[in-house]
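Numbering follows the working numbering, in which position 110 of the sequence shown is assigned residue number 1566; successive positions increment by one, without gaps.
Positions of the beta carbon are idealized from the N, C-alpha and C atoms, including for glycine.
One structure below.
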Amino acid sequence: MFKRGKVILAGAFAAAAAIIFLISLKAEEIVNKEAAVQEEARIKVCILTSDAPEDQSWSSLAYKGMLQIEDQFPVEAELVSNIHSEAQMRKSIDRAVHEGAKVIIGHGREYAGSFDRAAAVYPDVQFANLHGKAKKANHTSYIYKQNAVEFERIAALAASMKTKTNKIGLIDPVEDRLFHPGFEEGLDKFAPEAEFYYEVTGDWEDETKAVQAAKEMIDNGVDVLYSRGNGFNRAVINYAAKRGVYVIGYMDNQSYLGKEVVLTSVVNDIPKVYEAIMKDYFSEKGMPGGMAMLTNKDGLFSLTPLGPMYTEKERQQIQAEMDKLN
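Following this line, the structure appears as structure tokens:
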């Protein structure tokens, strides 16, 4: 009788274990199906950029934008770098669409023309690029430089406080004074007696040309530089440090390149452009098509904390101007 009871008990345990095993298998199957459904529901996004996403490169901001939208939206994003020619653009677009991409983003104005043509071929795909023109209903160009004006005016105030020669220079990768006038306007307001120097390198990455431009300015007495090319800023700041000249950084907080020479930096939070694109995509109205102007509410621009060379009185004066923006 005792043996029979042990057999029955063992059988019960075995049956219970089998049931638990089957339940766990079913639960795992359900979880896998839900994960598959969620993965399938994620929108595929392809980002095209012209250079490799290395430290301080223009494409590194595209990579940060990709991570940001993957974190905030139900998307699966891919970054395709070193895309330069029309043929490369079209091949990448065709491949992305074939692989199911619903949104294709070009990290710069150079993609505008190709995207307009591709938008006509793929009307069910949304195209977006940073700056440039867009003419198709499913192609949107996101414009944001105008938002920098107020912060660059204050950057000019910061520069005017630290020049001893009253000679201040700006180095641009492309001729942009007409559409990017904030720094000059700030000098006109806060330091009308200052002499302004301006040089264009013709390239976002050419460190040699940028350093040469900085050298010529410094040789002519410039003692504060605003370097507006994210690709060559490291070289310019390093050179300015050797010459004992102050610099205003650009694109991100560049104080780590030289706390003793970087006055402040005009931060251009490019990943927020990607956030704005996906907000539009998932909104009720969708992406608008044509030109989309981002505003200060989108939080793209800011000034980093001032360097240690400022007095408390100077900090208060700059903060008073910042407060006027709110």
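For the alpha helix (DSSP H) that contains residue i, what are its first and last residues?
i	result
Tyr1578	Tyr1578 -> no alpha helix (DSSP H), and no H or E assigned at all.
Ala1557	That residue, Ala1557, is in no alpha helix (DSSP H); its beta strand (DSSP E) goes 1557 to 1562.
Gly1742	It is not in any alpha helix (DSSP H) - Gly1742 carries neither H nor E in the DSSP assignment.
Ala1732	1727 to 1738
Glu1566	Per DSSP, Glu1566 belongs to no alpha helix (DSSP H) and is neither H nor E.
Ser1548	1542 to 1554
Ala1776	1768 to 1779
Lys1753	Where Lys1753 is concerned, there is no enclosing alpha helix (DSSP H), given that its DSSP letter is neither H nor E.
Glu1510	Element bounds for Glu1510: n/a, residue is neither H nor E.
Where does the unbroken beta strand (DSSP E) through residue i begin, and where does it stop?
i	result
Ala1748	1746 to 1749
Leu1504	1499 to 1504
Are the beta-carbon atoms of residue i and residue j separated by less than 8 Å?
i	j	result
Thr1751	Val1723	no
Leu1517	Ile1774	no
Gly1564	Asn1538	no
Arg1498	Val1531	yes
Glu1777	Leu1613	yes
Tyr1702	Val1680	yes
Ala1593	Gly1642	no
Ile1525	Glu1731	yes
Arg1699	Ile1674	yes
Val1559	Gln1582	yes
Asn1676	Lys1620	no
Ile1733	Ile1599	no
Ser1758	Phe1607	yes
Ala1670	Ala1696	yes
Glu1770	Met1545	no
How many whole angstroms separate the CB atoms of residue i and residue j, which I take to be in contact at a CB cut-off of 8 Å?
i	j	result
Ala1590	Gly1685	Incorrect: roughly 25 Å between the Cβ atoms, too far for contact.
Glu1566	Lys1500	About 23 Å separates the two Cβ atoms, so there is no contact after all.
Leu1523	Ala1615	The Cβ separation is near 33 Å, so there is no contact.
Leu1756	Val1729	7 Å
Val1656	Ile1693	Actually they do not touch by this definition, with Cβ atoms about 19 Å apart.
Gly1426	Val1605	There is no way to answer for residue 1426, as the model of the chain reaches only from 1457 to 1782.
Phe1688	Glu1649	Contact flag wrong, Cβ pair sits at about 30 Å.
Tyr1654	Arg1633	7 Å
With DSSP as the reference, please indicate the residues paired to residue i in a beta bridge.
i	result
Leu1535	Ile1503
Leu1759	Val1722
Any heavy atom of the ligand PLP closer than 7 Å to the beta-carbon of residue i?
i	result
Arg1546	Here there are no bound small molecules, and the ligand PLP is not part of this structure.
query = Which parts of the region 1652 to 1719 are runs of the alpha helix (DSSP H), unbroken and 4 residues or longer, counting only runs that do not cross its ends?
reply = 1663 to 1675, 1689 to 1699
key: In chain order, each beta strand (DSSP E) run of at least 3 residues that lies wholly inside the region 1571 to 1648   = 1582 to 1586, 1595 to 1599, 1623 to 1628
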